[in-house]
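To start, the structure under review is shown below, and the notes come after it.
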Amino acid sequence: MIVRPQQHWFIRLFVWHGSVLQKIYSRLLLNVALSISVIFFLPWYETLGLKLTIAPFSILGVAIAIFLGFRNSVCYARFNEARTLWGQLAITQRSFLRETKSLLGDNKDQIETFMNLQVAFCHALRLTLRKRPVEETLKKYLSHDDLQWVVKSHAPCNRILLLMGDWLADKRKQGLISDVVWSSLNHHLNDLSAVAGGCERIASTPLPFAYTLILHRTVYLFCIMLPFALVTDLHYMTPFLSVFVSYTFISLDTLAEELEEPFGTEDNDLPLDAICTIIERDLHDMDGSEELPEKLRPNRHYRLS
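Quick note: the sequence shown uses numbering that gives the first Met the number 0, first residue 0, plus one each step.
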């Protein structure tokens, strides 16, 4: 995610890092090259007796803008839901540790074990959503036997939830947790499971491919044909107007592709590393630890991973 301080409007016009321009500039250069070629071949083009006018492009441009706006709204809704789920994860983890600590506060070792399970769940969910191996990260928080049991599963988060449930069940058998309190704590496990399920639903359900493909093709065909409609009236101004319109449409198309998958590592995706670190810091702080994990900050390009 790009995290930038507020800037003057004029300076923001020339921002490079964080914009989609760095991904699409080669396509815009091709549009400029095409526009210049159209100007060069204009005399030959006019001898063919073919003439494209602005009228159909005006109508088609409005239609494309409406559909791109709709697609971006849908993609941002996915992004917003994903951020809401991770916010709910942070709330649930804090409440879970607070209630557990109030019951078993005298046994620091057991509380630390349970806290490590909570942190392991967050990192396992992050790595699973990004399709990365979990073993190297989780070995810091789980015992060797538990780690091997977790990494053998195709759903590590579910295995960690089982470990947390077993931990609570063990305290219930020891008489440290009553049935009523156990039921209340079990609700937090269900909440964690709901968060993981919601994130998996977003990650495994993209927008319909045919819908995305239609917009993608229409945008690029529009940008390719636009110089032929502009050149008759604008001549040497054709490249400037053509690249400006192309920048608008191609940028919206590219941004929608990033927002559609909010758990990735693109500039406009969620900073899952930073969120996991914040949760881990909060849990360690609640446990009274003096050494907290270092808070992640944006790099020199204002990118927070």
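Note that beta-carbon positions come from the ideal geometry of N, C-alpha and C, so glycine has one too.
As the structure is a computational prediction, the values presented were derived from the model and not from experiment.
Worksheet item: Among the residues of its own chain, which have a CB less than 8 Å from the CB of serine 312, if the five just before and after it don't count?
Response: Given a span of 0 to 304 for the chain in the structure shown, any question on residue 312 remains unanswerable.
Worksheet item: Just checking, does the segment 52-66 make contact with the segment 271-286 on the three C-beta pairs under 8 Å criterion?
Response: no
Discussion item. Quick check on isoleucine 1: does DSSP put it in helix, strand or coil?
Written reply: Residue state, collapsed to three classes: strand.
Worksheet item: Which residues in the same chain have their Cβ closer than 6 Å to the Cβ of lysine 170, if we skip the five residues on either side of it in sequence?
Response: Ile176
Worksheet item: Among His234, Val244, Leu162 and Asp284, which has the Cα closest to the Cα of isoleucine 310?
Response: Examination of residue 310 is not possible in this model, given that the chain is present from 0 through 304 alone.
Discussion item. Between which two residues does the alpha helix (DSSP H) holding arginine 131 run?
Written reply: Taken as a continuous stretch (DSSP letters only), arginine 131 belongs to no alpha helix (DSSP H), as it is neither H nor E.
Discussion item. Between the alpha carbons of valine 150 and methionine 114, how many angstroms are there, rounded?
Written reply: 19 Å
Worksheet item: Taking just the CA atoms, how far does proline 238 sit from leucine 137?
Response: 53 Å
Fill in: Residue of Asp286, Ile213, Val2 and Asp178 minimising C-alpha distance to phenylalanine 66
Ile213
Discussion item. On a Cα-Cα basis, can you pick out the residue from Leu160, Tyr301 and Leu128 that is closest to valine 311?
Written reply: The structure shown does not extend to residue 311, since the chain is modelled only from 0 through 304, so no value can be given for it.
Item to complete: Classify arginine 296 as helix, strand or coil using the three-state DSSP reduction.
Response: coil
Worksheet item: Who are the near neighbours of phenylalanine 69 in its chain, counting only those whose CB is closer than 8 Å to its CB and skipping five residues on each side?
Response: none
Worksheet item: How should methionine 236 be labelled, buried or exposed, when 16 other C-beta atoms within 10 angstroms of its C-beta is the threshold for buried?
Response: exposed
Discussion item. Is it the case that the segment 96-112 contacts the segment 122-136, given that we only count it when at least three CB pairs across the two stretches are under 8 Å?
Written reply: Flag = no, the segment 122-136 and the segment 96-112 do not touch.
Worksheet item: isoleucine 201: which of Lys172, Cys156, Leu258 and Leu146 sits nearest, CA to CA?
Response: Leu258
Worksheet item: alpha helix (DSSP H) containing tryptophan 85: first to last residue?
Response: 53-103
Item to complete: Jot down the residue ranges of each uninterrupted alpha helix (DSSP H) in the segment 184-267, minimum 4 residues, whole runs only, in chain order.
Response: 208-233 and 237-259
Worksheet item: Does the distance from the CB of leucine 116 to the CB of tryptophan 166 come in under 9 Å?
Response: Between leucine 116 and tryptophan 166, the C-beta spacing is below 9 Å.
Worksheet entry | Proximity of leucine 251 and leucine 240 at Cβ, strictly below 9 Å | Not closer than 9 Å, so no.
Worksheet item: Can you name the start and end residues of the alpha helix (DSSP H) that arginine 26 belongs to?
Response: Segment 20-39, the alpha helix (DSSP H) holding arginine 26.
Item to complete: Identify, in the order they occur along the chain, each residue of the same chain with its Cβ nearer than 7 Å to the Cβ of leucine 96, setting aside the five sequence neighbours on each side.
Response: Met114, Gln117, Leu282 and Met285
Worksheet item: What are the boundary residues of the alpha helix (DSSP H) that lysine 170 is part of?
Response: 155-172
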